[in-house]
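**Q** Have a look at the structure that comes next, please.
2 protein chains.
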Amino acid sequence: MDAQGNGEQALIKDKFADAVTPPPGEEADIGEINGILGFHIRLAHGACLRHFTETFTELDLTQKQVSVLWLVDDHPGIAQTDLAQRLRMDRATTMAIINRLQAKHYLRRDRSAEDGRKQALFLEPEGQAMLSRAKFAIGEHEAWVKRHFTDKEVKLLLELLARIHE
Amino acid sequence: MDAQGNGEQALIKDKFADAVTPPPGEEADIGEINGILGFHIRLAHGACLRHFTETFTELDLTQKQVSVLWLVDDHPGIAQTDLAQRLRMDRATTMAIINRLQAKHYLRRDRSAEDGRKQALFLEPEGQAMLSRAKFAIGEHEAWVKRHFTDKEVKLLLELLARIHE
DNA sequence: CGCAATTGTTAGCCAACCATACAATATGCG
DNA sequence: CGCATATTGTATGGTTGGCTAACAATTGCG
């Protein structure tokens with residue numbers, strides 16, 4: 000049960016030294032948990048989410064909602080289940096998201112002709128327009144995420160992250 | 000719950016070809032959104048979260064809860080605000096998480112002697128025991144996250160992710 | 001002393017996620 | 001063909017996390 004990859008510098012922590020004393024510098028030390036990869040993915044995601052939310056307050060869209068609009072635009076007539084698989088969501092969650100987008104008249108459900116069980120999803124004109132604005136905002140957001148990376152590093156990071164989610 | 004293969008090839012997307020036709024292979028193409036870094040961080044986080052949740056179903060702990068237990072153990076007597084800053088949470092969210100942990104008798108709040116406004120947090124014996132089990136489970140989880148990485152790549156990924164969340 | 005900042009607390013809102021159960025439709029097998 | 005099974009969408013309810021806003025207690029500063 001040891002921390003495998005990062006045993007080198009076992010962080011010396013004085014249990015009482017900074018018990019009450021808040022962070023001295025700008026960054027707060029988080030101790031040995033700092034070596035946990037999953038923890039940093041969490042923090043990075045949190046930071047991205049916060050910036051995304053800021054960027055999209057005006058458009059009033061969430062990450063998931065943008066993803067769905069984008070995917071429906073790329074695959075007009077896609078079924079909810081297919082969409083759910085591509086974005087790794089379950090059917091119930093997908094329902095909730097689509098309901099919200101439909102309530103805003105960004106997309107509509109058409110009963111599929113080939114399979115009566117399926118709902119074919121299509122963007123409404125309003126959804127199309129909103130997606131255009133969203134893509135523009137995504138550009139800003141992406142620039143922020145990449146603010147400390149070279150193109151090469153971005154490519155590398157992309158490749159590494161893809162390995163995590165297959 | 001489904002097939003997860005390995006994706007290293009850029010999938011060509013025909014806007015209309017697979018509009019209705021579900022994914023042909025094992026992986027579902029997500030189109031041009033595939034090039035968005037933020038999107039991959041999201042997917043990677045989602046995958047980690049799912050695996051974490053599975054790993055911790057028996058212990059009945061969430062990522063945030065483990066982080067808090069760990070940090071309180073590293074810094075006994077830490078105040079809620081300090082803890083919140085280190086984990087990038089706001090005070091209200093921190094309250095909710097600490098309440099849950101306290102309800103399980105994993106930690107306790109002691110009024111700080113130096114500053115009457117602060118609550119000094121300490122692990123209870125039950126929390127200490129649970130943290131030990133949690134750290135063991137984290138080992139498994141980490142091994143899963145790193146399953147496709149060399150030690151060098153892990154170190155690199157860690158460094159890149161840290162740049163995102165400062 | 002009095003005022004402002006910090007800290008904790010409560011309340012309410014929302015998005016996402018999961019599990020479950022149910023209805024409608026498709027499909028396959030006897 | 002008819003019926004059992006699988007798929008797809010839906011409704012319901014619960015949990016977590018995140019945010020804002022307000023408020024009380026405490027501290028610290030001018």
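Those protein sequences? They're chains A and B, same order as listed.
Just so we're aligned, residue 0 is where the first sequence starts under numbering that gives the first Met the number 0, counting upward by one.
Just so we're aligned, residue 0 is where the second sequence starts under numbering that gives the first Met the number 0, counting upward by one.
C-beta: ideal position from N, C-alpha, C; glycine also.
1. Over the uninterrupted alpha helix (DSSP H) stretch that includes A102(B), give me the two end residues.
2. Give the interface partners of L70(B) over in chain A, defined as CB-CB distance under 8 Å, in chain order.
3. Pull up the DSSP beta-bridge partners for Q118(A), would you.
4. For a quick check, are the C-beta atoms of Q64(B) and Q118(B) less than 8 Å apart?
5. What residues are listed by DSSP as bridge partners for I29(A)?
6. For the region 147-159 of chain A, which residues have a beta carbon sitting closer than 9 Å to at least one beta carbon of chain B?
7. At a CB-CB cut-off below 7 Å, which residues of chain B make contact with L42(A)?
8. Give me whichever residues DSSP pairs with I77(B) in a beta bridge.
9. What residues from chain A crowd round I35(B), counting only those whose CB sits closer than 8 Å?
10. Suppose the cutoff is 7 Å on Cβ atoms and the five residues either side in sequence are ignored; what does the same chain contact list for R85(B) look like?
11. Just the chain B side, please: which residues come within less than 9 Å of V67(A) by C-beta, in chain order?
12. Would you call the region 130-149 of chain A and the region 133-144 of chain B in contact, with 3 or more CB pairs under 8 Å?
13. How would you label R41(B), buried or exposed, when you count the other beta carbons within 10 angstroms and need 16 or more for buried?
14. DSSP on H147(A), reduced to helix/strand/coil?
15. Over the uninterrupted alpha helix (DSSP H) stretch that includes H56(B), give me the two end residues.
16. In this structure, does DSSP put I137(B) in helix, strand or coil?
17. Roughly how many angstroms separate the alpha carbons of Q62(A) and L48(A), rounded to a whole number?
18. Counting only the same chain and skipping the five closest in sequence on each side, list residues whose C-beta sits under 7 Å from that of G115(A).
19. Which term fits D81(A), buried or exposed, when burial requires 16 or more other beta carbons within 10 angstroms of its beta carbon?
20. Is the beta carbon of R162(A) less than 8 Å from the beta carbon of F38(B)?
**A** The short version:
1. Where A102(B) is concerned, the enclosing alpha helix (DSSP H) stretches over R90 to A102.
2. I29, G30 and I32, listed in chain order.
3. Paired residues: R110(A).
4. Not in contact: Q64(B) and Q118(B) (Cβ atoms no closer than 8 Å).
5. In the DSSP secondary-structure assignment, I29(A) is not bridged to any residue.
6. Listed in sequence order: H147, F148, E152, V153, L155, L156, L157, E158 and L159.
7. Near L42(A) (Cβ distances below 7 Å), the residues of chain B are R87 and H164.
8. Beta-bridge pairing links I77(B) to L120(B).
9. Contact annotation for I35(B) against chain A: I137 and E141 [CB-CB distance below 8 Å, chain order].
10. For R85(B), the CB contacts under 7 Å within the same chain, skipping 5 residues up- and downstream, are L70 in chain order.
11. Proximity of chain B to V67(A) at the Cβ level (cut-off 9 Å) is not reached, the minimal Cβ distance being about 10 Å.
12. Flag = no, the region 130-149 of chain A and the region 133-144 of chain B do not touch.
13. Per the 10 Å Cβ criterion, buried.
14. Coil, per DSSP.
15. The sequence as given places Thr at residue 56(B); His does not occur at that position. Unbroken run through T56(B): none, as it is neither H nor E.
16. I137(B): helix per DSSP, three-state reduction.
17. Distance between the alpha carbons of Q62(A) and L48(A) is about 8 Å.
18. Hits under 7 Å: none found.
19. Looking at its Cβ environment, which holds 16 or more other Cβ atoms inside 10 Å, D81(A) is buried.
20. Here R162(A) is not near F38(B), since their CB atoms are 8 Å or more apart.
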